[in-house]
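Report on the following structure.
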Amino acid sequence: MPTEKIRHIALVGHMGSGKSTIGSLLGNLMNCDHTDLDVVIANQAGRSIGVIFAEKGEKFFRDLEAQALDSKLSTQEPLVISTGGGIVERSSNRILLKEKSFVVWLRADINILVKRVNRRTSRPLLKEKDPLEVLTKLDRERGNLYEEIADLTIDTNNMKATNVSEVLFDSLKSRLGVENE
Ligand code: S3P
34 MPTEKIRHIA
44 LVGHMGSGKS
54 TIGSLLGNLM
64 NCDHTDLDVV
74 IANQAGRSIG
84 VIFAEKGEKF
94 FRDLEAQALD
104 SKLSTQEPLV
114 ISTGGGIVER
124 SSNRILLKEK
134 SFVVWLRADI
144 NILVKRVNRR
154 TSRPLLKEKD
164 PLEVLTKLDR
174 ERGNLYEEIA
184 DLTIDTNNMK
194 ATNVSEVLFD
204 SLKSRLGVEN
214 E
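Numbering of the sequence shown is given in the numbering used here, commencing with residue 34 and proceeding in unit increments.
This is the structure in structure tokens:
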């Protein structure tokens, strides 16, 4: 593959869209490393995302998130990168993502996302809040931003993570195949 064609695959979308699980499955299918920005941030900070929010606030977290994104997008070998739902909030992140990765938006209806996030309660933005209210508001703020930077959108409603990763892999294979000709 010519060097200029090597691009990371970045998964974007709301909380509950399956970015972490699908990213890991896709990394296996593509035989390349997968990295989850929330895990990178938590490891570097030595504390969970919830504790970072609680102790240092959201702005501090967003700074760490921007640094982690920049650092991962600068690596030479191609990566599958699972981002956090708020990665699109900063325009500098959106510019970097567009420039240095093939962006995949894992789209899902809000009522489906609500069901998925209800199973996990560790997310600081949802703590003691109504997930439907929070996700509806975030969708108004971020929905267009995901759309704006996406090179590919996959509708994940009613799909299992394994299905999504396979559909995505097939789609990427044909696109990368065309790019490599
Ligand atoms: C956030 C989403 C979370 C995490 C943090 C903030 C957001 O990641 O980065 O809690 O702003 O939507 P997931 O999208 O993986 O839940």
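Every residue, glycine too, gets a C-beta built ideally from N, C-alpha and C.
Out of curiosity, what's the CA-to-CA distance linking residue i and residue j?
i, j, result
"G49", "V197", "14 Å"
"R127", "S115", "14 Å"
"V73", "L171", "23 Å"
"A99", "E180", "20 Å"
"A43", "V121", "12 Å"
"V211", "D188", "Only weak support is given to the placement of V211: the predicted model assigns it a pLDDT of 39, under 50, and the value that follows is read from those uncertain coordinates. Using only the alpha carbons, I get a separation of about 23 Å."
"N144", "L165", "7 Å"
"A87", "R208", "42 Å"
"G118", "V137", "13 Å"
"S53", "G46", "11 Å"
"H67", "L112", "6 Å"
"L146", "Q109", "34 Å"
For residue i, which option in the options has the closest C-alpha, if you only look at C-alpha atoms?
i, options, result
"L185", "L97, K193 and F202", "F202"
"R40", "G56, S107, L58 and E98", "S107"
"S125", "R95, L168 and L139", "R95"
"K105", "V84, K133 and K92", "K133"
"K131", "G51, K193, A183 and M192", "A183"
Taking only beta-carbon positions, decide if residue i is within less than 9 Å of chain D.
i, result
"S50", "In the structure shown, chain D cannot be found, because there is only a single protein chain."
Tell me the DSSP secondary structure of residue i in three-state form.
i, result
"D142", "coil"
"S81", "coil"
"S57", "helix"
"A87", "helix"
In chain order, which beta strand (DSSP E) runs of at least 3 residues are fully inside the region 144–204? 185–188
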